[in-house]
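Each residue of the sequence shown is one higher than the last, beginning at 902 in this note's numbering.
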Amino acid sequence: MTVHVAQISDTHLSEAKPFFNTNFARLGEALHEAAVDLVINSGDISLNGAELDADLRRAHGLHEALDLDWLAIPGNHDIGDSQGIGSSYAIDENRRARYRTIFGEDYWAHDVPGWRLIGVNAQLVGSDLSADADQSNFVRHATATANGRSIALFVHKPLYDASPAETDLGGRFLPPAARGGLLSAFTGAKLRLVACGHVHQFRQTNGGDWKNVWAPSTAFILPDFFQPAYGPKVVGYVGHAFHADGTVDSRLVQPPALTQYNLEAIPEAYGDLRAHKH
Ligand SMILES: [Fe+2]
Ligand SMILES: [Fe+2]
């Protein structure tokens, strides 16, 4: 048996700035045509949910309207960014409470035959929120009780570029301390897939025991002057075929109905990219 999961990411949906909502409607049609079993949004569900309840509510409503089973984890634009990296909108108790009021749990586990899928709140890891330890305990328990299942981790930000030993403290990858803390919770686990979003590019790399898969955004790409190319800068989603034998096949899917926006051309969304960081 195989369970087909569509990993969508970086949908950046909004009430007041609905630039990418049409793509989401077209994506929904494509997901129905593909007859996927489950949709997982790997974060930046909303354009500015970190500040605006209305963006979170609109994004949640659009997911409900998909009429498909779905799960989500928060991205920096939904719940605030990682602490300690100089972000002007870091995660705090208030932002986390607002997200959870509208979306429910910000970390979870979901079993399919042969697999345990674990979604985490990337921005919570390494923060001063007491829920950081709760999440870590949850992950440790979920891996300890997996009973031979393969583990897939869904996390908004990629763990690293090329190596877990990297020390760069930027916004693009999980901060080093958070990465170490998160990976330690998977010690001894049969981790086989780490699925992320955030960079708005598709990429697959070999992480040793596991495969790193970066889902592209369904909304927009970022220009080269703002962000290097790690892989194809495209819009689309990732189709994961989780097989009951504990293996997975992951592939880039590019529904032709999606418009590939370049954020450089939409300064109304996040401002002038030459002046600000996404
Ligand atoms: Fe994003
Ligand atoms: Fe992000």
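The beta-carbon is built from N, C-alpha and C at its ideal position, and this holds for glycine as well.
I'd like to confirm the pairing. Which residues does DSSP put opposite residue i in its beta bridges?
i, result
"residue 1131", "Answer is none; residue 1131 lacks a bridge partner."
"residue 961", "Paired residues: none, contrary to the question."
"residue 1019", "1010, 1054"
"residue 1152", "1140"
"residue 1162", "1121"
"residue 991", "982"
Thinking C-beta only, is residue j closer than 9 angstroms to residue i?
i, j, result
"residue 982", "residue 1024", "yes"
"residue 905", "residue 1141", "yes"
"residue 960", "residue 950", "yes"
"residue 954", "residue 948", "no"
"residue 1163", "residue 1121", "yes"
"residue 1040", "residue 1013", "no"
"residue 1044", "residue 1017", "yes"
"residue 1033", "residue 1026", "yes"
"residue 1156", "residue 931", "yes"
"residue 1053", "residue 1095", "yes"
Do you know whose CA, among the options, lies nearest residue i's CA?
i, options, result
"residue 1037", "1084, 992, 1052, 1071", "1084"
"residue 1055", "1039, 990, 1045, 973", "973"
"residue 941", "920, 1012, 908", "908"
"residue 1042", "1031, 1146, 987, 1008", "1008"
"residue 1075", "1088, 1090, 1097", "1097"
"residue 987", "1060, 995, 977", "977"
"residue 1030", "1065, 997, 1016, 919", "997"
"residue 1015", "1172, 1168, 1166, 1148", "1148"
"residue 1138", "1125, 1126, 1114, 1146", "1114"
"residue 1126", "1095, 1173, 1091", "1173"
"residue 1066", "1108, 1035, 1000", "1108"
"residue 971", "1133, 980, 1011, 1167", "1011"
"residue 1159", "919, 910, 928", "928"
"residue 1117", "922, 944, 999", "944"
"residue 903", "1153, 920, 1167, 939", "939"
"residue 1128", "1000, 985, 1071", "1071"
"residue 968", "1082, 991, 937, 1077", "937"
"residue 1002", "958, 989, 984", "958"
"residue 999", "990, 1028, 952, 985", "952"
"residue 1146", "1089, 995, 1049, 1019", "1049"
"residue 992", "1082, 966, 910, 1028", "1028"
"residue 984", "933, 1064, 1078", "1078"
Quick one: residues in its chain with C-beta nearer than 7 angstroms to the C-beta of residue i, no 5 flanking neighbours on either side, listed in chain order?
i, result
"residue 925", "912, 914, 963, 1119"
"residue 1100", "1059, 1073, 1115, 1131"
Between which residues of its own chain and residue i is the CB-CB distance below 6 angstroms, once the five residues before and five after are set aside?
i, result
"residue 1093", "1051, 1111"
"residue 1175", "none"
"residue 1161", "1136"
"residue 1167", "920"
"residue 1106", "1113"
"residue 1154", "1137, 1138, 1140"
"residue 1091", "1051, 1052"
"residue 975", "944, 1000, 1007, 1022"
"residue 946", "912, 960, 973, 979"
Go through its chain and collect everything with a Cβ distance to residue i's Cβ below 8 angstroms, but skip five positions before and after it.
i, result
"residue 1150", "1141, 1142, 1144"
"residue 1086", "1037, 1040, 1041, 1044"
"residue 1124", "1163, 1164, 1165, 1174"
"residue 1005", "none"
"residue 1169", "918, 920"
"residue 916", "953, 955, 956, 958, 959"
- Item | In chain order, each alpha helix (DSSP H) run of at least 4 residues that lies wholly inside the segment 902-940 | 922-934
- Item | Sequence ranges, alpha helix (DSSP H) only - wholly within the segment 1048-1131, length at least 4 | 1077-1085
- Query: If you scan the segment 942-987 from start to end, which runs of the alpha helix (DSSP H) of 4 or more residues do you find wholly inside it?
  - Reply: 954-965, 977-980
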